[in-house]
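Plus 140 on top of the position in the sequence shown (first one is 1) and you've got the numbering used here.
Virtual Cβ for every residue (Gly too), placed ideally from N, Cα, C.
Scroll down for the structure; my scribbles are underneath it.
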Amino acid sequence: MHKLVWLILVGLVIIIYGFSAQSVYAVLPSSDVIISQTQIGDSSQSRFIEIYNNTDTPVDITNWCLYHNSASGKTKDKLVCFDDTDKTLHIIFAARSYALIGSDKFGVLGDLTIVKGLGTSAGGRIYIVDGSGVEKDSLGWGNVDNNPEGQAVIFEPDNVNKILERRLISPSVYADTNDNLLDFVSSNFREKYTTGAISDVIDICKNMVGIQVLIPDGYYLDSGDCLPVPVDVCANLDGLQIIIPAGYMLDSNNQCQMDICLNIDDLQLVLPDSYSADGLGNCYPPPPIDVCSNLDGLQEKMPDGMELDVSNNCIQHDECSNLPEIQTAIPNGFTRGVDNSCLLGLLPLQLSELLPNAAGSDIGNEYIEIYNPNDTDVSLLYYLLYVGPDDSHFYSFPVSSHIMPHQYLSLTNNDIKFTLVNTASSVRLRAIDNSFVDEASYSNPGDGLAWALIDGLWQYTNRPTPGNVNLPMLIEPIADKVAPVSSSLQPCADNQYRNPETNRCRLIPVVSSTVTPCKDGQYRSEETNRCRNIVSNVVALTMCAEGQERNPETNRCRTVTAVLGASDLAPCKAGQERNPDTNRCRNVISSIPVAAYATIQTSESSNNYIGWWSLIGVGAVAIVYGIWEWRQEIINIIRKLGAFRHFGK
141 MHKLVWLILV GLVIIIYGFS AQSVYAVLPS SDVIISQTQI GDSSQSRFIE
191 IYNNTDTPVD ITNWCLYHNS ASGKTKDKLV CFDDTDKTLH IIFAARSYAL
241 IGSDKFGVLG DLTIVKGLGT SAGGRIYIVD GSGVEKDSLG WGNVDNNPEG
291 QAVIFEPDNV NKILERRLIS PSVYADTNDN LLDFVSSNFR EKYTTGAISD
341 VIDICKNMVG IQVLIPDGYY LDSGDCLPVP VDVCANLDGL QIIIPAGYML
391 DSNNQCQMDI CLNIDDLQLV LPDSYSADGL GNCYPPPPID VCSNLDGLQE
441 KMPDGMELDV SNNCIQHDEC SNLPEIQTAI PNGFTRGVDN SCLLGLLPLQ
491 LSELLPNAAG SDIGNEYIEI YNPNDTDVSL LYYLLYVGPD DSHFYSFPVS
541 SHIMPHQYLS LTNNDIKFTL VNTASSVRLR AIDNSFVDEA SYSNPGDGLA
591 WALIDGLWQY TNRPTPGNVN LPMLIEPIAD KVAPVSSSLQ PCADNQYRNP
641 ETNRCRLIPV VSSTVTPCKD GQYRSEETNR CRNIVSNVVA LTMCAEGQER
691 NPETNRCRTV TAVLGASDLA PCKAGQERNP DTNRCRNVIS SIPVAAYATI
741 QTSESSNNYI GWWSLIGVGA VAIVYGIWEW RQEIINIIRK LGAFRHFGK
């Protein structure tokens, strides 16, 4: 298993190296200060460290320090720091420039001097730390085990001078892959070293972010702090006013003016109308006026839908002062009159039929009928009914009573508690504004006779029609009504008949009108004496569609159902038979014999792929496991191959 994993890992290393060999040297340079060259040596030898600003902008390296660690990390030496006792000074490292830190034996005057040694080629580490304690760059060599970047640099046996130099990847740009083994190579002393790129800069403004070598425009220096030059916000006032004085506001000309009313928004140069001042700079409006003293709470303005009466009380606005109660809108059927009055704008309603002397009990049988000649619905809310010889008894109609256009409405003495006397009386209809609408008077009504308006004339009829068109008197033969007359009785006059119950002579009611002929297409019913439309017995029927016939019972078209014989049916498919009940084809279900042994599940040929997929899955797991177990070796191989390829160039 280990051999298989090793072969797989070697193949993966070759593939990974092929894709990554070029990218190792194409890493972007560091964005800060790095170690560019150093000489390793003990205290008796010349030694130096060269650093480089690998960016295009100056870097503030104030309070940065260089440190040295032994190979084991037990010894830590501070080599040199870029600091100054003057806290206003900043040490600036120029862009794309070098700084040299050397010993007195180096032979070149560096920017700074170190007095401690850097150890030998056996191992060690030097590193740069910024002013906040963050490590910026590190170089480890030999057998160091204390935090080198990546892998430590390995010294070659012939490296006599022990010079390590960072690799250039382009002019003025050094490589920084965070791996010392890839970034540094053995080298020799340069012919010339550059110094003087480090300079001291005084920060004039301690309180401002960044380095201010000059006082910014609009600022002045105050004890090391740069403060903005004060602006006189009130040029019209004596002296310097950095802020607007209390009690003042800016006017439209940016002049500071005394605000008379401090408690009111915006500048008040004079006291507003009707306001009063308390002497402390506050202005108050006059107390509010209650326009509706008769209502609860403060009403500063007239509430919607209300008005003042003669006593200056707020009352509900009445659209119709001549009608009882409050009318918030002109009622339906009324029009605006003079002096806020409302007048009926409809045709007058008509009293059309009365039944004062009902046959039998009067309760629930006496009625008053009203006709609506208008084309609109009329509500009876705005009408009153007067019954009797004078106006001492009047009645309101039931709530929501109304009459449809050109319809009759019959109201009994159960609906309205009126009484129609059997002698003589009258019924009057008035609008709610007491204007006269209509009147009907009667006298001595016979039993069951209705007093009706027929063809414009009031007359008695023996055919009451509550809620319908009135019908005239139906005269029956007198012989059928008159009982045998005793020879002792005086014969009745020609215009009289004998009452079979009382055996007295009574006047024959005179029908003073004729029946209006029916319209074309109508006939008079013998039962009701009313006109009815002639209904034609012949109805034009639409012909049935093809494949349909007319049902003699419903006279509707229905689909013709053909009776198919056995020869007309399509034969059933193989494995099917015809159902004798539905005449449809159905599958033939054969009986299944019972086996004498238990069934055994068999596998299908498609399951052969399971083994292959299992093998592939196990192989993938083995590859991943091998890469994880040998990850450090793979990384070292890739790095060595990269370094070997570079040295070959």
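Which residues in the same chain have their Cβ closer than 8 Å to the Cβ of residue i, if we skip the five residues on either side of it in sequence?
i           : result
residue 357 : none
residue 716 : 725, 726, 727 and 728
residue 336 : 251
residue 374 : 381, 384, 385, 388, 395 and 396
residue 359 : 345, 366, 367, 368 and 369
Contact defined as beta carbons within less than 8 Å: I believe residue i pairs with residue j. What is the distance between those atoms, to the nearest angstrom?
i           : j           : result
residue 522 : residue 551 : Incorrect: roughly 16 Å between the Cβ atoms, too far for contact.
residue 240 : residue 251 : 6 Å
residue 792 : residue 200 : Given that the chain is displayed from residue 141 to residue 789, the structure contains no residue 792 and the question cannot be resolved.
residue 194 : residue 234 : About 12 Å; that fails the 8 Å criterion.
residue 496 : residue 565 : 7 Å
residue 779 : residue 321 : 6 Å
residue 343 : residue 351 : 5 Å
residue 207 : residue 214 : About 14 Å separates the two Cβ atoms, so there is no contact after all.
Excluding the five sequence neighbours on either side, which residues of its own chain have a C-beta within less than 6 Å of the C-beta of residue i, listed in chain order?
i           : result
residue 568 : 526 and 579
residue 816 : Nothing can be reported for residue 816, as the shown portion of the chain is limited to 141 through 789.
residue 223 : 203
residue 493 : 509, 590, 592 and 610
residue 172 : 276
residue 607 : 548 and 550
residue 535 : 525, 556 and 558
residue 776 : none
residue 519 : 542
Using three-state DSSP, classify residue i as helix, strand or coil.
i           : result
residue 599 : strand
residue 415 : coil
residue 762 : helix
residue 169 : Interpretation of residue 169 is limited by its pLDDT of 38, a score under 50 that renders its predicted location unreliable; the figure taken from the coordinates is listed afterwards. If DSSP states are grouped into helix, strand and coil, residue 169 belongs with coil.
residue 771 : helix
residue 448 : strand
residue 622 : Bear in mind that a pLDDT of 46 at residue 622, under 50, signals an unreliable position, so the number given afterwards is only what the model happens to contain. Residue 622: coil per DSSP, three-state reduction.
residue 355 : coil
residue 333 : coil
residue 724 : coil
residue 776 : helix
residue 338 : strand
residue 756 : helix
residue 521 : helix
residue 781 : helix
residue 212 : coil
residue 218 : strand
Relative to the C-alpha of residue i, which residue among the options is closest?
i           : options               : result
residue 516 : 373, 542, 590 and 497 : 542
residue 615 : 609, 608, 607 and 600 : 600
residue 596 : 661, 584, 491 and 605 : 491
residue 334 : 402, 254 and 249      : 249
residue 684 : 692, 696, 673 and 674 : 696
residue 533 : 548, 540, 560 and 374 : 560
residue 371 : 383, 361 and 364      : 383
residue 392 : 407, 673 and 402      : 407
residue 190 : 212, 237, 548 and 513 : 237
residue 401 : 395, 410 and 594      : 410
residue 699 : 643, 688 and 262      : 688
residue 669 : 635, 771 and 602      : 602
residue 570 : 629, 484, 691 and 636 : 484
residue 613 : 631, 629, 413 and 594 : 594
residue 212 : 286, 270, 205 and 262 : 286
residue 253 : 220, 417, 418 and 290 : 220
So what does residue i bridge to, in DSSP terms?
i           : result
residue 578 : 569
residue 306 : 324
residue 491 : 510
residue 638 : 645
residue 280 : 265
residue 242 : 188 and 253
residue 673 : 662
residue 368 : 359
residue 389 : 397
Starting from the C-beta of residue i, find all residues in its chain whose C-beta is less than 7 Å away, skip the five residues before and the five after it, and write them out in chain order.
i           : result
residue 459 : 467, 468, 469, 470 and 482
residue 462 : 481, 482 and 573
residue 288 : 265, 278, 280 and 320
residue 448 : 454
For chain C, check one thing: does any of its Cβ atoms lie closer than 8 Å to the Cβ of residue i?
i           : result
residue 227 : Absence of chain C from the displayed structure is noted, only one protein chain being present.
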